Amino acid sequence: MTDEPETKGTSRRAFLRGTAAASAGLVAAATSVRAEGADPLITEIQPWAQGFGDGVDATPYGLPIKFESDVVRRNVSWLTADVISSINFTPIHALDGTITPQGCAFERHHSGAIELSKDDYRLMINGLVDTPLVFTYADLERFPRESHVYFLECAANTGMEWAGSQLNGSQFTHGMIHNMEYTGIPLRLLLEEAGVKPEGKWIFVEGADASSNGRSIPLEKALDDCLVAFKANGEALRKEHGYPVRLCVPGWEGNMWVKWLRRVEVTENAVESREETSKYTDTLENGTSRKWTWVMDAKSVITAPSPQAPITHGPGPLVITGLAWSGRGTISRVDVTVDGGKTWKTARLAPHSHDKALHRFYLDHLWDGSEMLIQSRAVDSTGYVQPTKTELRQVRGVNSVYHNNCIQTWWVKSTGEAENVEVS
Ligand code: MTE
Ligand code: CO
Numbered sequence: 029m030t031d032e033p034e035t036k037g038t039s040r041r042a043f044l045r046g047t048a049a050a051s052a053g054l055v056a057a058a059t060s061v062r063a064e065g066a067d068p069l070i071t072e073i074q075p076w077a078q079g080f081g082d083g084v085d086a087t088p089y090g091l092p093i094k095f096e097s098d099v100v101r102r103n104v105s106w107l108t109a110d111v112i113s114s115i116n117f118t119p120i121h122a123l124d125g126t127i128t129p130q131g132c133a134f135e136r137h138h139s140g141a142i143e144l145s146k147d148d149y150r151l152m153i154n155g156l157v158d159t160p161l162v163f164t165y166a167d168l169e170r171f172p173r174e175s176h177v178y179f180l181e182c183a184a185n186t187g188m189e190w191a192g193s194q195l196n197g198s199q200f201t202h203g204m205i206h207n208m209e210y211t212g213i214p215l216r217l218l219l220e221e222a223g224v225k226p227e228g229k230w231i232f233v234e235g236a237d238a239s240s241n242g243r244s245i246p247l248e249k250a251l252d253d254c255l256v257a258f259k260a261n262g263e264a265l266r267k268e269h270g271y272p273v274r275l276c277v278p279g280w281e282g283n284m285w286v287k288w289l290r291r292v293e294v295t296e297n298a299v300e301s302r303e304e305t306s307k308y309t310d311t312l313e314n315g316t317s318r319k320w321t322w323v324m325d326a327k328s329v330i331t332a333p334s335p336q337a338p339i340t341h342g343p344g345p346l347v348i349t350g351l352a353w354s355g356r357g358t359i360s361r362v363d364v365t366v367d368g369g370k371t372w373k374t375a376r377l378a379p380h381s382h383d384k385a386l387h388r389f390y391l392d393h394l395w396d397g398s399e400m401l402i403q404s405r406a407v408d409s410t411g412y413v414q415p416t417k418t419e420l421r422q423v424r425g426v427n428s429v430y431h432n433n434c435i436q437t438w439w440v441k442s443t444g445e446a447e448n449v450e451v452s
């Protein structure tokens, strides 16, 4: 699936002139835009200027304009045997900035997205507490709340790429991720209200859906930055993201972010539920598995150019852009190569990045029109460097699923089209 660029091959297009090799030439080329002949879009009065547009009553709740109809979630048919227990992918190749609109943020359900009203909502805190409590939605609204931007990455993101490059597009290789501004109550406040007993060392969280998706979380994390969220990007959570309340477990694998959160039980030990034993454990090279790998390590991907976002112009200025993130903090640097890792350049990080949130990077590149092997490599605030696929395989083998944070390669051809490949 390729995004069909609107202006490709049409006479309306203004051409970029000059492909001067010097870096000063980059600026000159980018600013010396020249139309070829008379452009009717400029010289003639167009239909949209000859009448009226929509009134302010036309769209009480707005959707994207029809020209953007391909910026949508997509699934992969062979991964979707059953839509009730499946996954779709965020169109990261077509987005910019860092915030993911809820309407195209990937979904992962084990038993479908349920419809649970605020009136029917209850949150129980029980187990090793002084006072077991039940909160209604209205109760939750009276606790002091906070807003934070966090990424949620499914542990299975990039999980189909272990044995070889497979899916052709950043949406499919890296699109089990979204990044939103959540508003909610620190879980710590609710646990304090119930009073955690000294024996309490873990919590077990579950959702109101049939799967319940139960997970154990160490009490230390629960008291640190977990958020009981009811808003995302300023508005109510969408049904598919856990309306009316979900748990945010910043920097940790998406499976722990329980949707339709209904119960928090304080326990002495981990429950060792299905979701943390037969699933969400990591197969190693020697055939054994390791558990409790909660943190999402530093990772990055170039979102454009990429297979679904090919280059649609000739040689000259080219914006290479992508996303980087780390469950351990912020991103301190992203390096980009166009020659398969022989030489690297440090990309520009967009400002206003948050802890445990997506960061946007740009490399303003002067493309000579020849083919490229492009990669990005993230370094996080702990100094951790994103590994190559070879390095990761030495530890994890090729039969793993979860926590694949290797460096991704796109082979960009001289036509501008791109393909998912591996370099060794
Ligand atoms: N919570 C419940 N109750 N049920 C679920 O199926 N799926 C989990 C997690 N929380 C799930 C859940 C998984 S595996 C992931 S990756 C995230 O929710 C996905 O969140 P999203 O659908 O908002 O993207
Ligand atoms: Co998941």
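In my numbering, the protein residues as written are 29 to 452. Backbone N, C-alpha and C fix where the C-beta goes; we use that ideal spot for every residue, glycine too. Just so you know, these numbers come straight off a predicted model, no measurement behind them.
For residue 351, the distance from the CB to the nearest heavy atom of ligand 1 is not below 7 Å. Taking a contact to require three or more Cβ pairs closer than 8 Å, the segment 162-182 and the segment 87-97 do not qualify as touching. Checking the DSSP bridge columns, you'll see residue 259 partnered with 211 and 264. If you ignore the 5 residues before and after residue 126, its C-beta comes within less than 6 Å of the C-beta of 207, 386 and 388, all in its own chain and listed in chain order. In the three-state scheme derived from DSSP, where H, G and I count as helix and E and B as strand, residue 83 is classed as coil. Looking at 411, 119, 75 and 279, the one whose alpha-carbon comes closest to that of residue 134 is 119.
Under a 10 Å Cβ-count criterion, residue 148 is classified as exposed, with fewer than 16 other Cβ atoms of the shown protein chains found around its own Cβ. Burial is judged here by how many other beta carbons sit within 10 angstroms of a residue's own beta carbon; residue 362 has at least 16 and is buried. Here residue 391 is bridged, per DSSP, to 348. Residue environment analysis places residue 69 among the exposed positions, since fewer than 16 neighbouring C-beta atoms fall within 10 angstroms of its C-beta. Judged by DSSP secondary structure, residue 278 falls outside any alpha helix (DSSP H); it is assigned neither H nor E.
Relative to ligand 1, even the nearest heavy atom lies 7 Å or more away from the CB of residue 103. Here residue 163 is buried. Its C-beta has 16 or more other C-beta atoms within 10 Å. Counting of Cβ neighbours within 10 angstroms places residue 232 among the buried residues, the total reaching 16 or more.
Rounded to whole angstroms, the gap between the alpha carbons of residue 145 and residue 137 is 18 Å.
Here residue 167 carries a helix assignment [DSSP, helix/strand/coil].
Considered as a whole, the segment 366-448 harbours 387-395, 400-408 and 437-440 as its complete beta strand (DSSP E) runs of no fewer than 3 residues, in chain order.
The beta carbon of residue 150 sits closer than 6 Å to the beta carbons of 162 from its chain, once the five residues preceding and following it are set aside; these are given in chain order. Nearest C-alpha to residue 334 among 326, 323, 346 and 324: 346. When secondary structure is reduced to three states using DSSP, residue 249 falls in the helix class. Comparing alpha-carbon positions, the option among 384, 405 and 360 lying closest to residue 371 turns out to be 405. Within the chosen limit of 7 Å, ligand 2 does not reach the beta carbon of residue 243 with any heavy atom.
In this structure, residue 152 and residue 291 form a Cβ contact; the two beta carbons are roughly 5 Å apart against a cut-off of 8 Å.
The shortest C-alpha to C-alpha distance from residue 89 to any of 263, 320, 279 and 245 is the one to 263. Across the structure, residue 204 and residue 441 are spaced so that their CA atoms are roughly 26 Å apart.
Of the heavy atoms belonging to ligand 2, none sits nearer than 7 Å to the Cβ of residue 276. With a cut-off of 8 Å on Cβ pairs, the segment 311-319 is in contact with the segment 422-441, counting three or more such pairs. As computed with DSSP, residue 153 is found in a beta bridge with 161 and 292.
For residue 95, there is no enclosing alpha helix (DSSP H), as DSSP marks it with neither H nor E. If you draw a straight line from the Cα of residue 112 to the Cα of residue 80, it is about 44 Å long. Annotated three-state conformation of residue 198 is helix, per DSSP.
Here the residues close to ligand 2, judged by CB distance below 5 Å to any of its heavy atoms, are 136, 182, 282 and 283 in chain order. Secondary-structure assignment with DSSP links residue 310 through a beta bridge to 318. A check of alpha carbon separations from residue 287 across 266, 279, 300 and 306 identifies 266 as the nearest. If you draw a straight line from the Cα of residue 251 to the Cα of residue 212, it comes to about 14 Å. The residue from 417, 341, 241 and 223 with its alpha-carbon nearest to that of residue 452 is 417.
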